[in-house]
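Encoded as structure tokens, the structure appears first; notes follow it.
Protein chains: 2
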Amino acid sequence: MATIRDVAKRAGVSVATVSRVINDNGKVSDKTSRRVKRSIAALGFEPDFLARTWRTRVTHTIAAVVADNTSPHHGIALREASAVALEHNYTLILCTTYFDSQIEKQYLRMLRERRVDGVLLNTVGQSENEIRALTKSGIPVVLLNRPLANQGRLVDAVVVDSYRGARDLVEHLIRVGHRRIAMAYDQALNEFHKRERLRGYKDALRASNLPYNPELIRATRLSHDSGIECAQNQLVFSPRPTALFAAGYGTGLATLAMLRAQGLRIPTDICFAMFDDVTWGDFIDPPLTTVRNPAQELGRQAMELVFARLADRKRPAQEIRLAPSLVVRRSCGAPKIDETLRAQSEQTQIALTMDPSDAVIAAWQGL
Amino acid sequence: MATIRDVAKRAGVSVATVSRVINDNGKVSDKTSRRVKRSIAALGFEPDFLARTWRTRVTHTIAAVVADNTSPHHGIALREASAVALEHNYTLILCTTYFDSQIEKQYLRMLRERRVDGVLLNTVGQSENEIRALTKSGIPVVLLNRPLANQGRLVDAVVVDSYRGARDLVEHLIRVGHRRIAMAYDQALNEFHKRERLRGYKDALRASNLPYNPELIRATRLSHDSGIECAQNQLVFSPRPTALFAAGYGTGLATLAMLRAQGLRIPTDICFAMFDDVTWGDFIDPPLTTVRNPAQELGRQAMELVFARLADRKRPAQEIRLAPSLVVRRSCGAPKIDETLRAQSEQTQIALTMDPSDAVIAAWQGL
DNA sequence: CGATTTAATGTAACTGTTTACATCAATATG
DNA sequence: CATATTGATGTAAACAGTTACATTAAATCG
Chain A
212 MATIRDVAKR AGVSVATVSR VINDNGKVSD KTSRRVKRSI AALGFEPDFL
262 ARTWRTRVTH TIAAVVADNT SPHHGIALRE ASAVALEHNY TLILCTTYFD
312 SQIEKQYLRM LRERRVDGVL LNTVGQSENE IRALTKSGIP VVLLNRPLAN
362 QGRLVDAVVV DSYRGARDLV EHLIRVGHRR IAMAYDQALN EFHKRERLRG
412 YKDALRASNL PYNPELIRAT RLSHDSGIEC AQNQLVFSPR PTALFAAGYG
462 TGLATLAMLR AQGLRIPTDI CFAMFDDVTW GDFIDPPLTT VRNPAQELGR
512 QAMELVFARL ADRKRPAQEI RLAPSLVVRR SCGAPKIDET LRAQSEQTQI
562 ALTMDPSDAV IAAWQGL
Chain B
212 MATIRDVAKR AGVSVATVSR VINDNGKVSD KTSRRVKRSI AALGFEPDFL
262 ARTWRTRVTH TIAAVVADNT SPHHGIALRE ASAVALEHNY TLILCTTYFD
312 SQIEKQYLRM LRERRVDGVL LNTVGQSENE IRALTKSGIP VVLLNRPLAN
362 QGRLVDAVVV DSYRGARDLV EHLIRVGHRR IAMAYDQALN EFHKRERLRG
412 YKDALRASNL PYNPELIRAT RLSHDSGIEC AQNQLVFSPR PTALFAAGYG
462 TGLATLAMLR AQGLRIPTDI CFAMFDDVTW GDFIDPPLTT VRNPAQELGR
512 QAMELVFARL ADRKRPAQEI RLAPSLVVRR SCGAPKIDET LRAQSEQTQI
562 ALTMDPSDAV IAAWQGL
């Protein structure tokens, strides 16, 4: 492999000049620049990325540490993050923690050793020390969907506004005529989002002067053995609510299965809506009303935040709050429906509100 | 930051000795080893990963280039690959190409420059040169779900046996009583898998002495604008088949929507089954009969293949063929059903055949 | 017991860039 | 015209490890 010295010798210049040409910094006359470039081409010289990295201490690498890359939400965020990275000629390291804080810590330590240039972190908690170590080493950390750790104002964050999402959804249900609305959330749902979604639910009720009934709030737990049965027992209400709102993906799935098991039809017997838009929500019968997380936006903004901080390390920590959007489909047909809403709903149904960009559709086309 | 020289000086030994202690190779007496370790601890010395990488030319990094990380299939494969990487103290770079061969090439060039230690590649094609360049640079390439390029026997591969999957599924449909079985595949489905699935379909028919009717094979195309309508038109049959087999994820979704649009009930009016198991297949109504790809296995084997080749570069190229498994659920209730099958199906339904490990279930629990 | 092997450690070259600083010529400035 | 400034280029010192080879002491062998 040709080195910068070979290039320099052949071009009859110094290595410094070659380096300047390669990096396009410093002053180099047109004439020598051309000569150097010819020399590079002739020798088929390629700068050694590793040597460069070592010398400059920039790895051109960002890591994303997520609890699970297979969830639709983070899958899309990662896809976008990788695209943004590519735009900047950066590379994205994928670290899946499986919701295991030990693995998370292990990854964070590893990433610090490797001196990645930044970390996107969807923490499961307990990594305060590792996060501090990272920032202390000058590695920017951006939290994904977790609020800023109150302890330090050192890290940026981008979060989805769970409160807004829950409130919008419940307000929609109320507007459409529901009065008795149940909410199910997963026991293991992140504390912050649990609180926020519950707050959204309550505020929506209050705004319409509806009573808040704790009886209608249920925690579900999807476990391997007990499976659906568990959720099923936990989700028996009497009298039956007219609408059921699942505050998360897992709960949504469990709830769907539970309703099927109870022989309840959607939306005839009960209306159903869930947090976390799913690509297939449009395709099944009935199409699901969901709160769509701006996953793509989240991935992009998080990445941009890293680059912004790399460009200016003094900037104050920032928390970007993204608004989810309500996707109205058939699963929430209203008990009483007014004409404007009907039209709107009808239209949505026809437009089929395909979540995704062409890219995602293309995605389906592969194996 | 303390360097190896500082450690050496403090311990009163040479840098070589320190290096030997760190890497636990070469001969070092217990006494000096202890002294060195004390010195390391005292100084808080951490070997510089970058310097090491540069010197040894091993990056401890594998890249996975996939068409789309959000598909359930590759999402799971990636999750597993990242876990295997972690076991080996390796890191996984995620490269999503969006089915764009230009981006794929760009990534492959980038990865070669970065001298990753290996590449998992779910190619969309046209990257022969880049693949060759990689292997020529001594970087092992393992193809994901693509057959070995006939041109060179340089790369390993791990593929899902599409033929087997299709054949098993169609044979199941036949056994259960279906005689008129339609198959839909996506126009953009990878050529190899298209051929294999079709072959499986035909062979299954032939084995039962059923006629092959080209009229029952349809290509669908999910496009953004035309959306479902398109699929809808393309999927009108007369007389109607009793079962419809979607040979892919995208087609599966399109088909589901189409059946709904045509007002057909599953499985009462028509039976439905699809390739590519989906995590939610269990939860919706009716639960879907699917061909489950061993995605996890695929990710693991591919990764192991890389490590195997790193350990022995002379080993002959290998193609690992993984068998998919049939997951029988409700969407294929049989027109005529015999008792054993009924029992089997019932049991499956009760066991709820949760695709995933606890990890995936946990996944659902996060935002 | 001298010769040979083995174990433990040290010396210094090597990896390929970047960049601070030096040099020198050409140009601008007072 | 002498001097300061600027532009173009060169020199050589980092950067922080690994490892081939050399050296020395200790152990083993005939």
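If you read the sequences in order, they're chains A and B.
Mapped onto the working numbering, the consecutive letters of the first sequence carry residue numbers 212 to 578.
Mapped onto the working numbering, the consecutive letters of the second sequence carry residue numbers 212 to 578.
Quick reminder that beta carbons are idealized off the backbone N, C-alpha and C, glycines included.
Check: Best match in B/Ser250, B/Ile251, B/Ala415, B/Val224 for proximity to valine 239 of chain B [C-alpha to C-alpha]; Outcome: B/Val224
Check: Contact set between glycine 286 of chain B and chain A, taken where Cβ atoms lie within less than 8 Å; Outcome: Asn280, Thr281, Gly286
Check: Tryptophan 491 of chain A beta carbon less than 7 Å from that of leucine 261 of chain B; Outcome: no
Check: Cβ-based burial, phenylalanine 448 of chain A [other Cβ within 10 Å; buried from 16]; Outcome: exposed
Check: Any C-beta of chain B under 7 Å from that of glutamate 557 of chain A; Outcome: Low local confidence applies: a pLDDT of 41 at glutamate 557 of chain A is under 50, so the model's placement there is unreliable, with the coordinate-based value given in what follows. Chain B contact via Cβ: absent.
Check: Span separating the alpha-carbon of isoleucine 481 of chain B from that of leucine 475 of chain A; Outcome: 22 Å
Check: Proximity test, Cβ basis, 7 Å: tryptophan 325 of chain B and chain A; Outcome: One point to set straight first is that residue 325 of chain B is arginine, not tryptophan, in the sequence displayed. So, interface residue.
Check: Span of the alpha helix (DSSP H) around aspartate 367 of chain B; Outcome: Segment 367-371 is the beta strand (DSSP E) holding aspartate 367 of chain B; no alpha helix (DSSP H) there.
Check: Residue(s) in a DSSP beta bridge with tyrosine 318 of chain A; Outcome: The partner list for tyrosine 318 of chain A (beta bridge, DSSP) is empty, contrary to what the question assumes.
Check: Short CB-CB distance (under 7 Å) between arginine 511 of chain B and chain A; Outcome: no
Check: Short CB-CB distance (under 7 Å) between aspartate 241 of chain A and chain B; Outcome: no
Check: Candidates A/Leu355, A/Arg451, A/Ala465, of which the one nearest isoleucine 392 of chain A by Cα; Outcome: A/Arg451
Check: Helix, strand or coil at isoleucine 251 of chain B [DSSP, three-state]; Outcome: helix
Check: Cβ-Cβ separation, proline 358 of chain A to alanine 344 of chain A (assumed contact under 8 Å), whole Å; Outcome: 21 Å between Cβ atoms; not a contact.
Check: Below-7 Å beta-carbon distance, serine 338 of chain B vs any chain A residue; Outcome: no
Check: Nearest-angstrom Cα separation, counted from phenylalanine 494 of chain B out to isoleucine 273 of chain A; Outcome: 36 Å
Check: According to DSSP, residues forming a beta bridge with arginine 511 of chain B; Outcome: DSSP, once it has assigned bridges, lists no residue as partnering arginine 511 of chain B.
Check: Proximity test, Cβ basis, 7 Å: isoleucine 350 of chain A and chain B; Outcome: no
Check: Serine 293 of chain A at chain B interface by Cβ criterion, 7 Å; Outcome: yes
Check: Inter-residue Cα distance where the pair is serine 244 of chain B and alanine 513 of chain B; Outcome: 38 Å
Check: Beta-carbon neighbours of phenylalanine 260 of chain B, restricted to chain A and to distances below 7 Å; Outcome: Glu324, Arg325, Arg326
Check: Listed by chain order, chain A residues near cysteine 306 of chain B by CB distance under 7 Å; Outcome: Ser293
Check: Chain B contact for leucine 467 of chain A (CB, 7 Å cutoff); Outcome: yes
Check: Contact with chain B by phenylalanine 494 of chain A, beta-carbon distance below 7 Å; Outcome: yes
Check: Identity of the residue in B/Pro535, B/Gln507, B/Cys543 nearest glutamate 291 of chain B by Cα; Outcome: B/Gln507
Check: Burial state of glycine 349 of chain B (16 or more Cβ within 10 Å); Outcome: exposed
Check: Buried/exposed call for threonine 479 of chain A, threshold 16 Cβ in 10 Å; Outcome: exposed
Check: Buried/exposed call for proline 527 of chain B, threshold 16 Cβ in 10 Å; Outcome: exposed
Check: Pairwise C-alpha distance: cysteine 306 of chain A and arginine 268 of chain A; Outcome: 22 Å
Check: Spatially closest choice to valine 618 of chain B from B/Lys242, B/Leu384, B/Val353, by CA coordinates; Outcome: The structure shown does not extend to residue 618 of chain B, since chain B is modelled only from 212 to 578, so the question has no answer here.
Check: Given 8 Å, three or more beta-carbon pairs between the stretch 320-334 of chain A and the stretch 321-334 of chain B; Outcome: no
Check: Beta-carbon proximity of tyrosine 309 of chain B to valine 276 of chain B, cut-off 7 Å; Outcome: no
Check: Under 9 Å from the C-beta of arginine 451 of chain B: neighbouring residues of chain A; Outcome: The contacting residues do not exist; arginine 451 of chain B stays about 18 Å from chain A at best.
Check: Own chain, CB closer than 8 Å to leucine 322 of chain A, minus 5 neighbours either side, in chain order; Outcome: Ala274, Val276, Ile304, Cys306, Val330, Leu345, Ile350
Check: Chain-order list of residues whose beta-carbon lies under 6 Å from that of phenylalanine 342 of chain B (same chain, five-residue window excluded); Outcome: Note on identity: in this sequence residue 342 of chain B is isoleucine, with phenylalanine being the wrong assignment. So the qualifying residues of the chain are Val352.
Check: Whole-angstrom distance between phenylalanine 483 of chain A and threonine 453 of chain A, CA atom to CA atom; Outcome: 9 Å
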